[in-house]
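Under the numbering used here, the residues of the sequence shown are numbered 790 to 1109, in order.
Idealized CB from N, CA, C, for every residue including glycine.
Worksheet for the structure shown next.
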Amino acid sequence: MLDSLFSFREHRMIQRLLDALQSALRPTGEGLGYFKSIIASLVVVAELLGALFFGHPQTPRGQVINLDEWELVWRDEFDGDSLDLTKWRSNGNGPRRGGYWDIDQAIVQDGNLIIRTEYKEDGKYGPGWYSAGLDTRGLFEKKYGYFEVSCKCPPGVGLWGAFWTMSDGMSNPPDGSAADGCEIDIFESFNYNQGARHDAISHAVHYDGYGDGHTSVLVGVYKGKNIYTEYNTYGLEWNENELIFYINGVETDRLSGVWVPQVAEYLLLSVEVAGTVETINGQRVPVLAKDNNITMNPPSAFPIDFVVDYVRVYERKPAA
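Set out below in structure tokens:
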């Protein structure tokens, strides 16, 4: 019965809600600690109800990752004066959703990678909104580990930054699982409006391609700390059995079973402009989303930057 009423994500949230209610009904401690335990549990209950029924973002409350247990195996600190093409390549140039991707919009300066979004009347592919998508396909791919980015998200309406992984297995015939590769959205900053997702990010997983067999789950929507003006870290711990997501080193959620890929994946950094690519007079043309699109930002907001301090990949150290 529940399977027909609730999604995978909602099942998980309901279980958390029940756990929080149980904690509220069975508080620990004595005196003031007793009442603090009740209040803390009720705060969690209220937040989970807001997330379940209104899509409000949750606060990360899980385990804290201990990087002393991990060995750094790949990184880009963006300390040079140009993009390191031994580590990154363009994920595609040309029409992309409501704009164009152009690797020239990826700039390295002051110890950061900047993916810049702006309108170009004389752009390489014609007038329109330009941003970029980068990946490490064929340059660096990894199975299992801890993957982390430190960044400031792009603050405009109608666009979003993302750190994600992908495998060529996404194009395989559907097999009912992510085992042969998937898309893992370690974070996406869907800043469409001032509502529930403002100053928050989401995690998601997609497998079995993007056609009729496509399967996905929105793992959750979580709060960061001033994500447009301060550096936050977004991480993924991936092992044989689980995907564990983090914000600022604190666990937000986890997945297991069919959602866990068993092949190496490459990294991606991108900024998308909301919209779709349509074919008009035989040409592929980006068309902006009708609602909450990038033109809602004041002209003074541009250019809008996705600022990345670093990308690091770790491998778990052998047990002592």
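Query	Result
Measuring alpha carbon to alpha carbon, tell me which residue in 1020, 987, 998 is nearest residue 1011.	987
At 4 residues or longer, what runs of the alpha helix (DSSP H) sit wholly inside the region 920-993?	none
Give me whichever residues DSSP pairs with residue 1075 in a beta bridge.	1066
Taking the C-alpha atoms as reference points, what is the distance between residue 1020 and residue 1052?	30 Å
Look at the alpha carbon of residue 996 and the alpha carbon of residue 1050, and state the distance between them as a whole number of angstroms.	9 Å
Helix, strand or coil, according to DSSP, for residue 1048 in the structure here?	helix
With 16 other CB atoms within 10 Å as the buried threshold, where does residue 1082 fall?	buried
Would you kindly report the start and end of the unbroken beta strand (DSSP E) that includes residue 895?	895-898
Just to confirm before moving on: does the CB-CB distance between residue 912 and residue 889 stay below 8 Å?	yes
In angstroms with no decimal places, state the Cα-to-Cα distance between residue 1040 and residue 949.	22 Å
Grab me the residues of residue 916's own chain with a C-beta within less than 6 Å of its C-beta, minus the 5 sequence neighbours each way, in chain order.	910
Can you name the start and end residues of the beta strand (DSSP E) that residue 1100 belongs to?	1093-1105
In its own chain, which residues sit with a C-beta less than 6 Å from the C-beta of residue 1107, not counting the 5 before and 5 after it?	none
Using the Cα positions of residue 870 and residue 1006, report the straight-line distance between them to the nearest angstrom.	38 Å
Which class does residue 1019 belong to by DSSP, given the choice of helix, strand or coil?	coil
Assuming the contact rule is C-beta atoms closer than 8 Å, residue 974 and residue 953 should be a hit. Round their C-beta distance to whole Å, please.	5 Å
Assuming the contact rule is C-beta atoms closer than 8 Å, residue 906 and residue 945 should be a hit. Round their C-beta distance to whole Å, please.	7 Å
Measuring alpha carbon to alpha carbon, tell me which of 1066, 940, 1068 ends up nearest residue 1058.	940
What is the rounded straight-line gap between the Cα of residue 1043 and the Cα of residue 855?	17 Å
Note down, in chain order, each residue of its chain lying with its Cβ closer than 8 Å to the Cβ of residue 1045, except the 5 sequence neighbours on either side.	1030, 1031, 1032
Using the DSSP secondary-structure output, state which residues sit across from residue 879 in a beta bridge.	923
For the region 1054-1072 against the region 1082-1097, do three or more pairs of beta-carbon atoms, one drawn from each stretch, fall closer than 8 Å, so that the two count as touching?	yes
Among 1048, 1037, 926, 967, which residue has its Cα nearest to the Cα of residue 976?	1037
How many angstroms separate the CA atom of residue 927 from the CA atom of residue 874?	12 Å
Please state whether DSSP places residue 871 in a helix, a strand or coil.	coil
Assign residue 898 to buried or exposed, taking buried as 16 or more other Cβ atoms, counted over all protein chains shown, within 10 Å of its Cβ.	exposed
Could you compute how far the alpha carbon of residue 833 sits from the alpha carbon of residue 850?	Interpretation of residue 833 is limited by its pLDDT of 47, a score under 50 that renders its predicted location unreliable; no figure is taken from the coordinates.
Quick check on this structure: which residue in 934, 1072, 1004 has the alpha carbon closest to the alpha carbon of residue 914?	1072
Per DSSP, what are the beta-bridge partners of residue 1032 in this structure?	1027, 1044
Compare the beta carbon distance of residue 919 and residue 1024 with 8 Å and say whether it is the shorter of the two.	no
Would a C-beta distance cut-off of 8 Å place residue 1102 and residue 863 closer than the cut-off?	yes
Here's the rule I'm using: 16 or more other beta-carbon atoms within 10 Å means buried, otherwise exposed. How should residue 852 be labelled?	exposed
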